[in-house]
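If you want my numbering, it's the 1-based position in the sequence shown plus 12.
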Amino acid sequence: MAKTGWFLLTAPVIALAGTASAGDAEPGLETVIDWCGGCHVVGVGEAPPARPPAFSTILDLKTPDSIEHYLSWERHEGMPSLALEEDDIADIVAYFEHLQRTGK
């Protein structure tokens with residue numbers, strides 16, 4: 013990833029504040045990068061893959077509750093099996109809530 017893209021991806025972490033969920037957005041970003049970034053576009057300025065959808069698209073279509081349900085129970089065809097703990101899922105949901113609140 014280009015240095016500029018990485019900065020744009022991680023810069024919002026500096027401004028992360030408390031969220032409505034029980035999770036923490038900063039570790040949520042780290043989990044998203046580790047678990048999701050191999051397939052999904054996570055940061056700003058990255059070239060989108062043909063599929064799966066970029067996180068910005070997911071944010072437009074899903075609520076934090078539906079994301080939590082998906083990560084806990086559902087899987088789309090082609091989606092790898094994820095060994096996420098409840099804390100990881102809560103942090104990812106907190107990160108999505110942060111993105112929705114701030115637009116970043």
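We put the CB at the ideal spot given by N, CA and C, even for glycine.
- In this chain, the alpha helix (DSSP H) harbouring V44 covers 37 to 47.
- By the 16-neighbour rule on beta-carbons within 10 angstroms, D103 is buried.
- Non-local C-beta neighbours of V54 in its own chain, meaning closer than 7 Å and more than five positions away in sequence, comprise L21, V44, I45, C48, F67, ordered along the chain.
- In the structure shown, P65 adopts coil according to DSSP, grouped into three states.
- Cβ contact annotation for I79 (same chain, cutoff 8 Å, sequence separation greater than five): I70, I104, V105, F108, in chain order.
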